[in-house]
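Student: Below is a structure I'd like to ask you about.
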Amino acid sequence: MPKPWRPSARPPRSAASGSTATRTQLCPSPVTGALSVADQLLIDPVALFGALAEDAQRHGARVAEDTPVVELDTGDPHRAVTRDGHVVRARQVVIATHFPAFERGLLFARLRVRREHVLLGRATVAVRDMYVSVEDDLRAVRRVTGAEGDLLMVSGAPFAPGSASAEERRSDLVEWARTHLDGFTPDRVWSAQDCISPDGLPFVGELRPFTHHGVGVWGATGFGGWGLSNGVAAGVLLRDLVLGADPHGWRELFTTARGRPRHEVPRVVSQGVKHLRGASARRTLPRLETREALASLAGLARGDAVRLQVDGETVAVHRDDSGRLHAVSATCTHMGCLVDFDPASDEWACPCHGSRFSLDGTVTEGPAVEGLRHLDLGPEDDTGVSPPRSGTGNRPYLRKGDAMPRSKHGPSVKDPGLYEELRDDGASKEKAARIANAAAGSSRSEVGRKGGKSGDYEDWTVEELRKRAAVIGIEGRSSMDKSELIDALRHH
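Counting in full-length UniProt numbering, the sequence shown runs from 1 upward without gaps.
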């Protein structure tokens, strides 16, 4: 059972401070030692941000919706590459993506990601104000007025992304709302995600080490569930920083470079532990060919998910309520953690840094900017086994399993070490992945033997030459043409 709720309440305003400790009661939960803050607003965030966007456009700004940036090349100017391949150049870039994308200063290791359930429905009790508890097991209530009249929004029951307890936590929140808000019936249910810094203050300012280029890349993150207030403060500070000013003296308070006290060490260590768990778990799964995998999935009930290794790659598979299988790579495209299935939202969730993906692999929550690769396992009819007509109803949590290595920002590769070498030498993601996968397919020793000790490389392709150059460590190979590669190999 959730802990007793202790929300704030609205007593007569204190002339001295505008806030007052009080003892009151709400519907019918007892409240002790509450704090009331006067002159608060019930804001519709969507309406507010829509108005801000319109005002920005009236002042000359251009707003491009549904245009995600998938790559940021820093320089003078910076180059932001969109999903459709368009390039936007700017000398000042603000990364305001909730959890920072393209962030190379290890902020992701310092942030804790938390999710909360949200209920929207009706109740017979009248609630005028906003209420929020102070316990870790958060509860919050506010009124929402719209076309459907007055509704109540209830949020709380926090949980970690990908947690097996997500559905149980949602049930706890529904039970609490029905107990304390007379007649409450949830019509809609969803989850929200927050990033929390170690000291509770947002990180706002330069994103390092981007700034070694001498130009500005800025970010804001770690609002801790208080985005309407912290986000506005971050916007004011970012405006001042871009203009080269700090009239409020906030820069050092919110800087992304502020100290890393010893109490942050367990958080950073836990990130490494999650990666190690994924690496060790890969040894526990059966290694199947596609046909064998399809046969093993015949018993997967609707609504359930499983992770298994198919043809050398770890695959995350879910059977939806219609009986259809959805298969994607199980490796998060942000930092290579293994994704878990979140039955509360029917999404794939990264337990390391909070990235989320739809069943088909599309990114729904960062910091990942690339989706999970969709995999086609073929028709189930090939196995001679029909999928189950109904599920067990218990929707077990996704099993832990193996993962194909994935580079930090690149596509799936079978030889991540070679991939990173090629990327360091300037190769594109696609080219580096193609060469690394080809090298893994033939093995490095085989590539190393081809052509003998001195090697007659004339009949080799450029790709084979670069693979050989990568194996023996020739630098600058990605920019060499065929004759230069042959010359370098012969004189190595």
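Virtual Cβ for every residue (Gly too), placed ideally from N, Cα, C.
By a C-beta neighbour count over all protein chains shown, 10 Å radius and 16 as the cutoff for buried, is I486 buried or exposed?
Tutor: Buried, since its Cβ has 16 or more Cβ neighbours within 10 Å.
Student: Decide if the region 225–236 is in contact with the region 188–204; the criterion is three or more beta carbon pairs, one per stretch, under 8 Å apart.
Tutor: Taking 8 Å as the limit for Cβ pairs, the verdict is that the region 188–204 does touch the region 225–236.
Student: Would you call R239 buried or exposed, if buried means 16 or more other Cβ atoms sit within 10 Å of its Cβ?
Tutor: So R239 counts as exposed.
Student: Inspect the CB distances between the region 322–334 and the region 360–380 and report whether three or more fall short of 8 Å.
Tutor: In short, these stretches touch, since the Cβ pair count reaches three.
Student: Once you ignore the five residues that flank V154 on each side, which residues in its own chain have a CB closer than 6 Å to its CB?
Tutor: Counting only Cβ-Cβ distances below 6 Å, and skipping sequence neighbours, we find L119, V141 and A177.
Student: So D150 is in the beta strand (DSSP E); what residue range does that whole segment cover?
Tutor: D150 -> beta strand (DSSP E) spans G149 to F159.
Student: Apply the 10 Å Cβ neighbour rule to A469 and answer buried if 16 or more other Cβ atoms are within range, or exposed otherwise.
Tutor: The residue is buried, with at least 16 neighbouring Cβ atoms inside 10 Å.
Student: Closest to G183 by C-alpha separation, out of L152, A166, S171 and S165, would be which residue?
Tutor: Nearest option by C-alpha distance: L152.
Student: Quick one: measure Cβ to Cβ for E116 and A192, integer angstroms, because I've assumed they're closer than 8 Å.
Tutor: About 5 Å; that satisfies the 8 Å criterion.
Student: I need the DSSP call for T145, collapsed to helix, strand or coil.
Tutor: T145 falls in the strand class under three-state DSSP.
Student: Based on the DSSP secondary-structure assignment, which residues constitute the bridge partners of I95?
Tutor: G219, per the DSSP bridge assignment.
Student: By DSSP, does S483 sit in helix, in strand, or in coil?
Tutor: Three-state result, S483: helix.
Student: Assuming the contact rule is C-beta atoms closer than 8 Å, residue 547 and I95 should be a hit. Round their C-beta distance to whole Å, please.
Tutor: The requested residue 547 is not part of the displayed model; the chain covers only 1 to 492.
Student: Looking at the structure shown, is V186 part of a helix, part of a strand, or coil, going by DSSP?
Tutor: The sequence shown places Pro at residue 186, rather than the Val named in the question. Looking at P186 - three-state DSSP - the assignment turns out to be strand.
Student: Considering only C-alpha positions, which residue in the set H353, D346 and L325 is nearest to M335?
Tutor: Closest option to M335, Cα to Cα, is H353.
Student: Give every residue of the same chain whose Cβ lies closer than 6 Å to the Cβ of R112, excluding the five residues on either side of it in the sequence, and list them in chain order.
Tutor: Taken in chain order, the residues that qualify are I196.
Student: Rounding to the nearest angstrom, what Cα-Cα distance links H78 and E71 in this structure?
Tutor: If I take the Cα positions, the gap works out to 11 Å.
Student: Give me the DSSP bridge partner(s) of Y131.
Tutor: Paired residues: V141.
Student: I'd like the span of the beta strand (DSSP E) that includes E116, first residue to last.
Tutor: Unbroken beta strand (DSSP E) run through E116: R112 to R122.
Student: Would you check if the distance between the CB atom of D320 and the CB atom of R302 is smaller than 8 Å?
Tutor: Contact: yes.
Student: Buried or exposed, going by whether 16 or more other CB atoms sit within 10 Å of the CB of T333?
Tutor: Buried, since its Cβ has 16 or more Cβ neighbours within 10 Å.
Student: Taking the alpha helix (DSSP H) that D55 falls in, what are its first and last residues?
Tutor: From DSSP, the alpha helix (DSSP H) with D55 extends over P45 to R58.
Student: Give the single residue among A234, G244 and A245 whose Cα lies nearest to the Cα of F254.
Tutor: The shortest Cα separation from F254 among A234, G244 and A245 belongs to A234.
Student: Using three-state DSSP, classify A298 as helix, strand or coil.
Tutor: The answer is coil: DSSP assigns A298 none of H, G, I, E or B.
Student: Provide the residue(s) that pair with residue 575 in DSSP beta bridges, ordered along the chain.
Tutor: Residue 575 falls outside the range modelled here, since the chain spans only 1 to 492, and no answer is possible.
Student: Look up G231 in the DSSP assignment and say whether it is helix, strand or coil.
Tutor: Correct three-state label for G231: helix.
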